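Q: Residue numbering for the sequence shown is 35 to 366, as defined by the numbering used here. Got a structure here, written out as structure tokens. Questions coming.
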Amino acid sequence: MGSVILVTGGAGYIGSHTVKMLRAGGREVLVLDDLCEGHREALLGAELAEGSMLDRAFLADLFASRDIAAVFHFAARCYVGESVTDPGKYYRFNAIGTLNLLDAMAAQGVDKFVLSSTCATYGEPESMPIVEGMPQSPVNPYGASKLVCEWMLRDFHRAHGMQSVSLRYFNAAGADPAGELGEDHAPETHLIPLVIQAAMGQRDKVTVFGDDYPTPDGTCIRDYVHVCDLAAAHILALEAMESSQLGVKAFNLGNSAGSSVLEVIRAVEKVSGKKVPYEIGGRRAGDPPRLVGSSELITSELGWQPRLGDIHQIVESAWNWHSKHPSGYAGE
Ligand code: UDP
Numbered sequence: 035m036g037s038v039i040l041v042t043g044g045a046g047y048i049g050s051h052t053v054k055m056l057r058a059g060g061r062e063v064l065v066l067d068d069l070c071e072g073h074r075e076a077l078l079g080a081e082l083a084e085g086s087m088l089d090r091a092f093l094a095d096l097f098a099s100r101d102i103a104a105v106f107h108f109a110a111r112c113y114v115g116e117s118v119t120d121p122g123k124y125y126r127f128n129a130i131g132t133l134n135l136l137d138a139m140a141a142q143g144v145d146k147f148v149l150s151s152t153c154a155t156y157g158e159p160e161s162m163p164i165v166e167g168m169p170q171s172p173v174n175p176y177g178a179s180k181l182v183c184e185w186m187l188r189d190f191h192r193a194h195g196m197q198s199v200s201l202r203y204f205n206a207a208g209a210d211p212a213g214e215l216g217e218d219h220a221p222e223t224h225l226i227p228l229v230i231q232a233a234m235g236q237r238d239k240v241t242v243f244g245d246d247y248p249t250p251d252g253t254c255i256r257d258y259v260h261v262c263d264l265a266a267a268h269i270l271a272l273e274a275m276e277s278s279q280l281g282v283k284a285f286n287l288g289n290s291a292g293s294s295v296l297e298v299i300r301a302v303e304k305v306s307g308k309k310v311p312y313e314i315g316g317r318r319a320g321d322p323p324r325l326v327g328s329s330e331l332i333t334s335e336l337g338w339q340p341r342l343g344d345i346h347q348i349v350e351s352a353w354n355w356h357s358k359h360p361s362g363y364a365g366e
């Protein structure tokens, strides 16, 4: 049995937090990243195999030459809007990239896999909170490209006995409480970093995408979950696969509580002591009013509990990182 945990996308936002946690737990980690969107600084010294998920020969060599026990698969393209305008990119990286990885694993008998999946695989469910048994009917190519990966996992289990856990994240947010890692996307489109940048004076203002939704304050509600709580879930999934035959599982990862866009702005103001300049704009296409997930299944089956579940804790950790790293990793 192998000993190395291969982490694809380990130089990215959620991947890097997970790599740090794995290494802190004494695991041997190898990161696979093409550094297109990831940051070398975010590796914190972890070993890197630089290459692409689309390079089948590179993947075959990697699996043949290293003693890989399990794969955490974060590498993906993840902008919903871009997936609508450039679906090919999403099916290529997310679906074909994952297939290449699974083929390379199957060829070497590597049989443990954790997928970064997403609540976007559900589309727009009629009732909340979302539970795992609800129909998966994605409304954009990003969600569809991840759902295809979940299907592949079901079939690779049947054919090759590959165990897997698909973790359907809600809104990943926050940063490493020790301040070494944070969220640094270019371009930044996510609400919390944008609001923080506005509070820091790096942006004139934030635009609230619609205040006429059927929610208490009229703005969209999302379920923000701390990146370290996501990382911890991956490690619980790995331990569960190591101790028993788990088969094919899928779990939601959220806090079962939502925050509206205005609540996020208020939380940043409270944590930072600064005023956030904002304006109300039009709705963003494809935004459902409320997305909140139930995580009861992973709590009951794997014992997962969010440790940083409060929106203020999430925002505070993000604020600390952004104020220490005002230019993100580029300033290191
Ligand atoms: N949002 C906003 N202004 C922005 C960016 C996001 O009002 O500049 C809203 C967006 O409409 C959604 C929520 O903030 O309701 C979270 O958006 P984000 O892009 O962070 O994550 P998503 O829910 O799209 O995965």
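All C-beta atoms in this analysis are idealised placements derived from N, C-alpha and C, irrespective of residue type, glycine included. Treat the numbers as computed from the prediction; the structure is a model and nothing was measured.
Going straight from the alpha carbon of T249 to that of A138, what length do you get?
A: Their Cα atoms are separated by approximately 46 Å.
Q: With a threshold of 16 other CB atoms inside 10 Å of the CB of P169, please say whether the residue is buried or exposed.
A: The residue in question, P169, is exposed, as its Cβ has fewer than 16 Cβ neighbours within 10 Å.
Q: From the DSSP output, read off the bridge partner residues of H260.
A: Answer is A207.
Q: Leaving out five residues before and five after S50 in sequence, what residues of the same chain have Cβ atoms less than 8 Å from its Cβ?
A: Only G44, G72, H73, A76, L77, L78 and L215 meet the Cβ criterion.
Q: Would you mind giving the Cβ-Cβ distance between A110 and I226, rounded to the nearest angstrom? I have them listed as a contact below 8 Å.
A: Actually they are not in contact, since the Cβ atoms of A110 and I226 sit about 20 Å apart, beyond 8 Å.
Q: Using DSSP with H/G/I as helix, E/B as strand and the rest coil, what is T42?
A: In this structure, T42 counts as strand in the three-state DSSP scheme.
Q: State the beta-bridge partners of K146 as determined by DSSP.
A: DSSP output for K146 lists Q197 as bridge partner(s).
Q: Skipping 5 residues on each side, what residues in its chain have a beta carbon closer than 6 Å to that of G85?
A: Cβ within range, chain order: F92.
Q: Looking only at its chain, what residues have a beta carbon closer than 7 Å to the beta carbon of V114, apart from the 5 residues adjacent to it on each side?
A: A154, N174, Y176 and G320, listed in sequence order.
Q: When you compare the stretch 256-273 with the stretch 305-317, are there three or more beta-carbon pairs, one atom per stretch, that lie closer than 8 Å?
A: As far as the Cβ criterion goes, the stretch 256-273 does not touch the stretch 305-317, which means the pair count is below three.
Q: So, with DSSP's three-state summary, where would you put V63?
A: Here V63 sits in strand by DSSP.
Q: Helix, strand or coil, according to DSSP, for A109 in the structure here?
A: Reduced to three states, the DSSP call for A109 is coil.
Q: Pick out the complete beta strand (DSSP E) segments inside the stretch 114-171, 3 residues or longer, and give them in chain order.
A: Runs of the beta strand (DSSP E) inside the stretch 114-171: 146-152.
Q: Tell whether a beta-carbon distance below 8 Å holds between D263 and G327.
A: No, the Cβ-Cβ distance between D263 and G327 is not below 8 Å.
Q: Taking the CB atoms as reference points, tell me whether I332 and N286 lie closer together than 8 Å.
A: Cβ distance < 8 Å, so I332 and N286 count as in contact.
Q: Taking E313 as part of the beta strand (DSSP E), name the residues at either end of that continuous run.
A: First-last of the beta strand (DSSP E) with E313: Y312 to G315.
Q: Would the C-beta of L228 count as close to the ligand UDP, meaning under 7 Å from any of its heavy atoms?
A: Yes, since a heavy atom of the ligand UDP falls inside the 7 Å radius drawn around the Cβ of L228.
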